[in-house]
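Residue numbers (this note's numbering), protein chains in the order written: chain A, 1 to 135; chain B, 1 to 203.
The beta-carbon is built from N, C-alpha and C at its ideal position, and this holds for glycine as well.
Since we're looking at a predicted model, the values are computed, not measured.
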Amino acid sequence: MTDNAQRTTPISTGQQTVLGRSVVLKGELSGNEDLLIEGQFEGTINVKDHTLTVGPQGQVKSEIHARQVVIHGSVDGKVSARDKIEIRKTGNVVGDLVSAGVAIEDGAYFKGSIEILREGKQEAPRAAAAAAARD
Amino acid sequence: MRIAAQSAVANGATLKSNGLEWLWQHLRDVPRPRLLDCGPARRATVEVLLRRGSTLHVADLISPVERGDPELWDRARKAPVFRTEVLLAQIPPIPAASLSAIFCWQLLDLLPRDALAAVVLHLYLYLEPNGVLFCLLRDPHLATGVEPHWWLESLATMGRDDEGTKPFPHPALTNREMEGLIPTGSVKTFLTRSGWREFLAIK
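This is the structure we're talking about:
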């Protein structure tokens, strides 16, 4: 992980790095383990093969790339996740989501766009459109 | 205007919607519709629309109006003036003429009359040719029920919160008034037994 703004060191707990509540970071974060943000972060996050969790107190203003993103706190920015993005009921997200799956719990706040990543070609949506027309 | 009478049947908090059936039939050749939901993000609605292959924009215009957020009103003048531009600023950047449909839900019923034309025109500009503005309008006899929100249970079924007790702030919109607000295209109205009309404007 890199931090080009402050000398704060995130805590690594084996498979997960935690940015604690009192931590305020600006810069670029990248890594090969899961990441939990409970503090404030502004910049770019890249944990492409891992899960990013933004805790209930977490505030992230960032472009995010991850395998999976779970948001309990606040996120402002574009979020890309290969597998899934989950916004839990305490989550507050303003930005664009791009992922293979998106789930937003009732009660969460979301403003922005959602685009689903699809493997393969147009058959699935065409079939869905045809099924919808038949219903 | 064409009226399809008694087109939806109330079943508890769930409504089978002929208006939505018509909408998806209308969009049957659009494999990846681009949609705007003007209500609060709901899990079911997001799932249903994404399963349909949509790219979805979400901008909750309804909750701030329903709550009467102070920033939506200019109270410096003798009579409060609704700040339409503040409401519309909630919409994220969307290219003009790019949307296949906009789910307005009951938004128009909550807005003051003098804000309606600007809001409808603004939303209309996002619609591509043949795009559809989907609205729910209450019947005049329905005096209360501002609070409940609507969502999609399936492509052609709507869910709704329990009945609300808060009175509507403005008189019910008539079909003729709505037709006057639509800049171009045609409209369809579907009556329901729930006290709500489904109003679809096709650009």
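Quick one: Cα of residue i to Cα of residue j, how far?
i, j, result
"L88/B", "E63/A", "25 Å"
"K111/A", "G91/A", "11 Å"
"V102/A", "K84/A", "6 Å"
"T174/B", "V146/B", "17 Å"
"A59/B", "Q90/B", "6 Å"
"P129/B", "H26/B", "12 Å"
"L36/A", "G107/A", "22 Å"
"K203/B", "S54/B", "19 Å"
"R48/A", "G31/A", "According to the sequence provided, residue 48/A is Lys. The question's Arg does not apply to it. Going from the Cα of K48/A to the Cα of G31/A covers about 8 Å."
"L29/A", "A66/A", "11 Å"
"I45/A", "F134/B", "38 Å"
"I114/A", "S80/A", "10 Å"
"L72/B", "H122/B", "17 Å"
"G20/A", "L52/A", "14 Å"
"A44/B", "V70/A", "18 Å"
"V54/A", "V75/A", "8 Å"
"V23/A", "Q59/A", "11 Å"
"S17/B", "Q40/A", "45 Å"
"M158/B", "R42/B", "12 Å"
"A5/B", "T189/B", "Summary for A5/B: the model assigns pLDDT 38, below 50, so the residue's position carries little reliability; its value from the coordinates is reported in the next sentence. Taking the straight line from one Cα to the other gives about 9 Å."
Based on the DSSP secondary-structure assignment, which residues constitute the bridge partners of residue i?
i, result
"Y109/A", "N92/A"
"Q16/A", "D34/A"
"S99/A", "A81/A, I116/A"
"P167/B", "T144/B"
"G43/A", "G27/A, S62/A"
"S74/A", "Q59/A, N92/A"
Going by beta-carbon coordinates alone, are residue i and residue j separated by less than 9 Å?
i, j, result
"L36/B", "L155/B", "no"
"R197/B", "D161/B", "no"
"Q57/A", "G73/A", "yes"
"T165/B", "Y124/B", "no"
"S194/B", "L15/B", "yes"
"R52/B", "P33/B", "yes"
"A172/B", "S186/B", "no"
Quick check on the DSSP output: the alpha helix (DSSP H) that includes residue i runs from which residue to which?
i, result
"H149/B", "No alpha helix (DSSP H) contains H149/B, which DSSP labels as neither H nor E."
"H122/B", "113-126"
"L49/B", "43-51"
"G19/B", "18-26"
"V140/A", "With chain A covering only 1 through 135, there is no way to say anything about residue 140/A."
"L191/B", "Premise fails: L191/B lies in the beta strand (DSSP E), 186-192, not in any alpha helix (DSSP H)."
"R176/B", "175-181"
"E71/B", "First-last for E71/B: undefined, no H or E at that position."
"L88/B", "84-88"
"L110/B", "107-110"
Identify the continuous beta strand (DSSP E) that holds residue i and give its terminal residues.
i, result
"Q68/A", "59-71"
"S63/B", "Not the beta strand (DSSP E): S63/B falls in the alpha helix (DSSP H), residues 62-67."
Which residues, in order along the region 100-115 of chain A, keep a beta-carbon less than 9 Å from a beta-carbon of chain B? G101, V102, A103, I104, E105, D106, G107, A108, Y109, F110, K111, G112, S113, I114, E115
Can you give me, in chain order, the residues of the region 31-56 of chain B that have a beta carbon less than 7 Å from any beta carbon in chain A? P31, R32, A41, R42, R43, V46, L50, R51, R52, G53, T55, L56
Near-chain A residues of the region 62-92 of chain B (beta-carbon distance less than 8 Å), N- to C-terminal order: Q90, P92
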